[in-house]
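To start, the structure itself, in structure tokens.
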Amino acid sequence: MRPADLNRLTVQESADRYVELVRARTSTGALSPATAELYSRDVATFVELAGAERVLDDLTGEDVDAILLAFARKPDGRRRPDSEGPRPVPSQPVQSPSSQARFRRSISALFKHATLAGWVQVNPMTAATVTARERGGLRPERRALTREQAQGLIGAARSLGEAGAEPPTAPGDRGRRRRDQRTELRDGLIVLLLSTLGPRVSELVKANVEDFYTNDGVRYWRIFGKGGRTRDVPLPGDVARVLEAYLLHGRPESPDKALLLSWRGRRLARGDVQAVIDRVQRRVDPDRRRSVTPHGLRHTTATHLLADAVDMDAVRRVLGHSDLATLGRYRDELPGELEVAMRTHPLLRGDRGAGPSEGAVG
1 MRPADLNRLT VQESADRYVE LVRARTSTGA LSPATAELYS RDVATFVELA GAERVLDDLT
61 GEDVDAILLA FARKPDGRRR PDSEGPRPVP SQPVQSPSSQ ARFRRSISAL FKHATLAGWV
121 QVNPMTAATV TARERGGLRP ERRALTREQA QGLIGAARSL GEAGAEPPTA PGDRGRRRRD
181 QRTELRDGLI VLLLSTLGPR VSELVKANVE DFYTNDGVRY WRIFGKGGRT RDVPLPGDVA
241 RVLEAYLLHG RPESPDKALL LSWRGRRLAR GDVQAVIDRV QRRVDPDRRR SVTPHGLRHT
301 TATHLLADAV DMDAVRRVLG HSDLATLGRY RDELPGELEV AMRTHPLLRG DRGAGPSEGA
361 VG
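Oh and the sequence shown: position 50 is 50 in my numbering, straight run, nothing missing.
Next up, the structure:
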């Protein structure tokens, strides 16, 4: 429940108020005019990258990560390209590490003030996970797992689900653990939901048992997303079966209505989800293993659904995007996809009788 005194300002409104405060501090000598100008410039860039009309309180740690990475790759107009020949350099140099560190400090100061002023409930900077090294350009452009990597992770999650659903062999078995200590089903379910439906990690940890319902034999998850929007997403059959097994055999008894609980019976926190993914990854064959974040699995869902020619609007609704333009940022390139596209070219289907040289350009 949002506190009564929360002021849901837009990003632009928040930035304007904060810049006024920064400039006012120069009159007291707390800030130099040059420093105040740098803060103002960084905040203006933040507005550009975050979206002026978005509500500041709706921004998550994932959004902050995306903003930091977008700034890191933003061409630095002050730095000249290396080439001085007549041909233009295709791209300008990206931001320097010092510029990136300064930008992070600027928006950290903005969110610190926003937290104190009641513009945000939680400071999203505390949930940002992108490190300085990753912002410096060493992070791979491709976040999505390849098909083989994704299938390896899903296979490990399925095996956890099958193992966790098996009851103990005998009541007196010395190896038997209490129900609240058996996390295999929960871990498998977390990875399967992230990999196949691509929810935001905040949506996952906020899910309650009552949010899952059945209609005409199909299991649905009513996801409460950003901006108060909800979407009902059908679960694939394999995922629905692991969910049922978890509810029957894996979820600890607890008065908390949360779907995902720690072994102590408390709602799982956002920071716990990455540890679950890493734990499941250790069960994947090393040749098919690549570290991935929850947001990377969201990219994986979008990328592979679109690569399999699933309707773009359906993918948008699964991910909970308000428009198709946002979906484009989640579509990552996959190795070999151009070769597959050319092998199955739509203009060459259905005319198998033509000779190999027909239509060739001489």
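Even glycine gets a Cβ: it sits at the ideal position worked out from N, Cα and C.
Check                                                                                                                                                                                            : Outcome
Straight-line CA distance for residue 285 to residue 242?                                                                                                                                        : 22 Å
Please state the DSSP three-state secondary structure of residue 8.                                                                                                                              : coil
Measure the Cβ-Cβ separation of residue 226 and residue 58 and say whether it is below 8 Å.                                                                                                      : yes
Would you identify the three-state DSSP class for residue 234, choosing helix, strand or coil?                                                                                                   : strand
When DSSP labels each residue in this structure, what does residue 193 get in the three-state scheme?                                                                                            : helix
Since residue 195 and residue 245 should fall inside the 8 Å C-beta cutoff, what is the C-beta to C-beta distance between them, to a whole number of angstroms?                                  : At roughly 17 Å, the Cβ-Cβ gap does not stay under 8 Å, so residue 195 and residue 245 are not in contact.
Any chance you could list the alpha helix (DSSP H) runs of at least 4 consecutive residues sitting entirely within the segment 210-267, in chain order?                                          : 237-245
Cβ atoms of residue 11 and residue 50: under 8 Å apart, would you say?                                                                                                                           : yes
Mapping the DSSP letters down to three states, classify residue 47 as helix, strand or coil.                                                                                                     : helix
Report yes if the CB atom of residue 157 is closer than 8 Å to the CB atom of residue 192, and no otherwise.                                                                                     : yes
Excluding the 5 residues preceding and the 5 following residue 240 in the sequence, name in chain order all residues of the same chain whose CB lies nearer than 6 Å to its CB.                  : 219
Look at the alpha carbon of residue 14 and the alpha carbon of residue 214, and state the distance between them as a whole number of angstroms.                                                  : 42 Å
In three-state DSSP terms, what is residue 55?                                                                                                                                                   : strand
Does the count of Cβ pairs from the segment 256-275 and the segment 196-213 closer than 8 Å reach three?                                                                                         : yes
Could you spell out the range, first to last residue, of the alpha helix (DSSP H) harbouring residue 400?                                                                                        : The question about residue 400 has no answer here: the residues shown for the chain are numbered 1 through 362.
Buried or exposed, going by whether 16 or more other CB atoms sit within 10 Å of the CB of residue 47?                                                                                           : buried
In or out: residue 320 buried (at least 16 other Cβ within 10 Å) or exposed?                                                                                                                     : buried
For residue 238, which residues of its own chain have a beta-carbon under 8 Å away from its beta-carbon, when the five flanking residues on both sides are left out?                             : 158 and 192
Whether or not the segment 36-45 and the segment 97-115 are in contact is what I'm after, with contact meaning three or more pairs of Cβ atoms, one per stretch, closer than 8 Å; do they touch? : yes
Output the distance between the C-alpha atoms of residue 183 and residue 263, rounded to the nearest integer angstrom.                                                                           : 7 Å
For residue 212 and residue 230, I'd like the C-alpha separation in whole angstroms.                                                                                                             : 13 Å
If you compare alpha carbons, which of 52, 228, 34 and 129 is closest to residue 296?                                                                                                            : 129
Taking only runs of the alpha helix (DSSP H) that begin and end inside the segment 96-124, which ones reach a length of at least 4 residues, in chain order?                                     : 97-117
Quick check on the burial criterion: 16 or more other C-beta atoms within 10 angstroms. Buried or exposed for residue 63?                                                                        : buried
How would you call residue 309, buried or exposed, if buried means at least 16 neighbouring beta carbons within 10 angstroms?                                                                    : exposed
Roughly how many whole angstroms lie between the Cα atoms of residue 258 and residue 209?                                                                                                        : 6 Å
Could you work out which residue in 186, 97, 53 and 60 is closest to residue 71 when comparing CA atoms only?                                                                                    : 97
Rounded to the nearest angstrom, what separates residue 145 and residue 300 at their Cα positions?                                                                                               : 6 Å
Could you give the residue range of the alpha helix (DSSP H) that holds residue 294?                                                                                                             : 294-307
Within 10 angstroms of the Cβ of residue 302, are there 16 or more other Cβ atoms? Answer buried if so, exposed if not.                                                                          : buried
Quick check on DSSP: helix, strand or coil for residue 17?                                                                                                                                       : helix
Given a cut-off of 8 Å, decide if residue 22 and residue 34 are closer than it, judged by their beta-carbon atoms.                                                                               : no
Could you spell out where the alpha helix (DSSP H) holding residue 65 opens and where it closes?                                                                                                 : 61-72
Buried or exposed for residue 124, please, with buried defined as at least 16 other CB atoms from any protein chain shown within 10 angstroms of its CB.                                         : buried
With a 10 Å radius around its C-beta and 16 neighbouring C-beta atoms as the bar for buried, classify residue 232 as buried or exposed.                                                          : exposed
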